[in-house]
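Accompanying notes for the structure given below.
Protein chains: 2
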Amino acid sequence: MTTLHSFDQALRLEAAGGDRPDTWLGHTSPDYWNMVGPFGGTTAATALRAILLHPALLGEPVALTVNYAAALAEGPFSVVAKPARTNRSTQHWTVELSQAGASGDTPEVVMTATAVTAARRETWSQNDTPMPAVTLADASGRLRFSTSAWTHRYDMRPVRGVIPQVWDGSGSDSLTQLWVRDDPPRSLDFPALAAMSDVFYPRVWLRRATRVPAGTVSITTYFHADSAQLAQCGEGFLLGQARAQAFRNGFFDQTAQLWSEAGVLLATSTQIVYYKE
Amino acid sequence: MTTLHSFDQALRLEAAGGDRPDTWLGHTSPDYWNMVGPFGGTTAATALRAILLHPALLGEPVALTVNYAAALAEGPFSVVAKPARTNRSTQHWTVELSQAGASGDTPEVVMTATAVTAARRETWSQNDTPMPAVTLADASGRLRFSTSAWTHRYDMRPVRGVIPQVWDGSGSDSLTQLWVRDDPPRSLDFPALAAMSDVFYPRVWLRRATRVPAGTVSITTYFHADSAQLAQCGEGFLLGQARAQAFRNGFFDQTAQLWSEAGVLLATSTQIVYYKE
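Residue numbers (my numbering), protein chains in the order written: chain A, 1 to 277; chain B, 1001 to 1277.
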């Protein structure tokens, strides 16, 4: 008997079937619960998985933008993933995730997404962002920053920018570097990479050494690797790096990079995050 | 008699009316023509303008993602901008731009977009990306790199990373810094800022000093300023900076920042670009 990894369990989607060929049905997972809804990384991965399951899929993911319109409630949801345009080597997707509203009847949109998939060809290539010269041995131990279930699903080992131990307003920069992999380990694939782009705690906490309410509003991830390169990473750690460029009147941005342990830049990501105060 | 600025002319949208309250009708502009379609910045600005015109609009733009599904043909198009979800202080939008297909009848999707608008409140704020210490006087003269009409609609003055004068494969980095404003000058607003996020020529040309076919597939821009801050910029120059993080098998990314002349970080942007060879 094989037990499904908790990440695969969280991403389970069943075809709605019938006259809804683009619709998939899923259910939130307690294993990846955050404070008021599921971990956004799981939601992004779910959007991507609906695309990857689609019979009309062309190629592999290149870009994914996920907009968090509202917190998902615990329970079932539906995802509609449609190929909006299919070209010779690229395909454009629109995705919507809906859930029955508080009233119980009319489904409400809780997430919108767009994605681009493509059949990639070998070309001149160049990594212009070398991995910072840090090793797993440089990490200060496993990050434990929350009682939220999802944080236990990742083995995160910060090298720099650990979550503040004292909330005294003393922060001076927003840079975190950490090693990360699924816990238990799991072979890397596109949904996992989409989710890991969102594991960094809000930069505003680090920058201010002040814990204020904050939540991702929109995240965009570009995939620089193909499935063969992801498979080569196996269950290894990735090095993740995140920092903010600007905090202004309720929103800040957060850019991120994810490298394989061998130094291949697998994904780059940016998100805009709501914060209070 | 007031003459409409060519940018406003390019962005003209008329309500389709009737039973299509979310639909707007526009027409490509010869003034912003690129090689095989309109300048992508104008298309992104058009998506944003359809949102800004919508009677249900809440707040101001915070995030915009535009996916270029196909080159627009010269001629009319329709834009559908829908509020997918309206919360207390944020609103999520989906946008689709369509054009009659080659067959002439069924409209085909040529662009998809999502956006977030929000009613912003004053909070603790911090610019963590200071403007590079360069002045307009450091610029080497106006950039002229193309016969494409749109490049004449911007007064671009590079400080660093001018387009290669010799295509000899000698490139070593992908960083460009340039001053930019509309030509003729025009007061800064959100559509202009969205368009200016896309004025940087493909990083692959600079990095390789080799001119290969390249085109933006998807661009995401975050707006860190509100309309009052944009108005303060008036018709002044912005400093723009762009660089790539990775080039891999047909796609590279391009991150960008735009500061006001006074050093306020107005917008940050990232795009994924297709390239050949």
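Even glycine gets a Cβ: it sits at the ideal position worked out from N, Cα and C.
Chain A contact for residue i (CB, 7 angstroms cutoff)
i	result
PHE1200 of chain B	no
GLU1122 of chain B	yes
ILE1272 of chain B	yes
HIS1054 of chain B	no
ALA1081 of chain B	no
THR1220 of chain B	yes
ALA1069 of chain B	yes
LEU1265 of chain B	yes
ASN1127 of chain B	yes
GLN1009 of chain B	no
ARG1248 of chain B	yes
Anticipated Cβ contact below 8 angstroms, residue i with residue j, distance rounded
i	j	result
SER218 of chain A	THR65 of chain A	7 angstroms
LEU1258 of chain B	SER1174 of chain B	Not confirmed; about 17 angstroms, so no contact.
THR270 of chain A	THR1114 of chain B	About 14 angstroms; that fails the 8 angstroms criterion.
MET131 of chain A	GLY263 of chain A	4 angstroms
PRO1083 of chain B	ALA1047 of chain B	Not a contact, Cβ separation roughly 14 angstroms.
ARG207 of chain A	ALA244 of chain A	6 angstroms
With 16 other Cβ atoms within 10 Å as the buried cut-off, status of residue i
i	result
GLU96 of chain A	buried
ASP1022 of chain B	buried
ALA10 of chain A	buried
THR147 of chain A	exposed
PHE145 of chain A	exposed
MET1035 of chain B	exposed
LEU1143 of chain B	buried
ASP226 of chain A	buried
GLY1169 of chain B	exposed
GLY141 of chain A	exposed
VAL1180 of chain B	buried
VAL1116 of chain B	buried
VAL1159 of chain B	buried
GLY1075 of chain B	exposed
ALA1050 of chain B	buried
Collapsed DSSP secondary structure at residue i in the structure displayed
i	result
THR1151 of chain B	helix
PHE1247 of chain B	strand
TYR1274 of chain B	strand
PHE1223 of chain B	strand
TYR1032 of chain B	helix
GLN1165 of chain B	coil
GLY240 of chain A	strand
LEU1136 of chain B	helix
LEU266 of chain A	strand
PRO1191 of chain B	helix
PHE284 of chain A	Residue 284 of chain A lies beyond the stretch modelled for chain A, which goes from 1 to 277, so this question has no answer here.
VAL1199 of chain B	coil
VAL1212 of chain B	coil
GLY1059 of chain B	coil
VAL1086 of chain B	Note that residue 1086 of chain B is Thr in the sequence shown here, rather than Val. The answer is strand: DSSP assigns THR1086 of chain B an E or B state.
ALA1015 of chain B	strand
Close Cβ partners of residue i (< 8 angstroms) along its chain, the five nearest in sequence each way excluded
i	result
ALA118 of chain A	LEU58, GLY59, GLU60, VAL62, SER89, THR90, GLN91
PRO1107 of chain B	SER1078, SER1098, GLN1099, ALA1100, GLY1101
VAL1273 of chain B	PRO1202, ARG1203, VAL1204, ALA1214, GLY1215, THR1216, VAL1217, PHE1251, PHE1252, ASP1253, GLN1254
HIS152 of chain A	ASP183
TRP1150 of chain B	ASP1031, TYR1032, TRP1033, ASN1034, PRO1038, PHE1039, GLY1041, THR1042
Any chain B beta carbon closer than 7 angstroms to residue i
i	result
GLU277 of chain A	yes
PHE251 of chain A	yes
GLU100 of chain A	For the sequence presented, residue 100 of chain A should be read as Ala rather than Glu. Cβ-Cβ to chain B under 7 angstroms: no for ALA100 of chain A.
GLN165 of chain A	no
ALA45 of chain A	no
VAL116 of chain A	yes
VAL66 of chain A	no
THR86 of chain A	no
HIS92 of chain A	yes
VAL95 of chain A	no
GLN241 of chain A	no
Contacts around residue i, its chain only, beta-carbon distance under 6 angstroms, and the 5 residues preceding and following it disregarded
i	result
TYR1222 of chain B	ALA1063, THR1268
LEU1188 of chain B	LEU1230, CYS1233
ALA242 of chain A	THR176, PHE200, GLN254, ALA256
TRP205 of chain A	ARG211
ASN67 of chain A	THR112, SER218
GLY236 of chain A	GLU261
ALA16 of chain A	THR23, LEU25
VAL1080 of chain B	ASP1022, THR1023, GLU1096
The ligand SAM heavy atom lying under 6 angstroms from the CB of residue i
i	result
PHE1247 of chain B	In the structure shown, the ligand SAM is absent, as is every other ligand, since no ligand is present at all.
Proximal residues to residue i (C-beta, below 7 angstroms), its chain only, five neighbours per side dropped
i	result
LEU265 of chain A	ASN127, THR129, HIS224, GLN257, TRP259
GLU1014 of chain B	TRP1024, LEU1025
LEU193 of chain A	PHE223, LEU230, LEU258, LEU266, ALA267
ALA69 of chain A	VAL109, VAL110, MET111, THR112
GLU277 of chain A	VAL212
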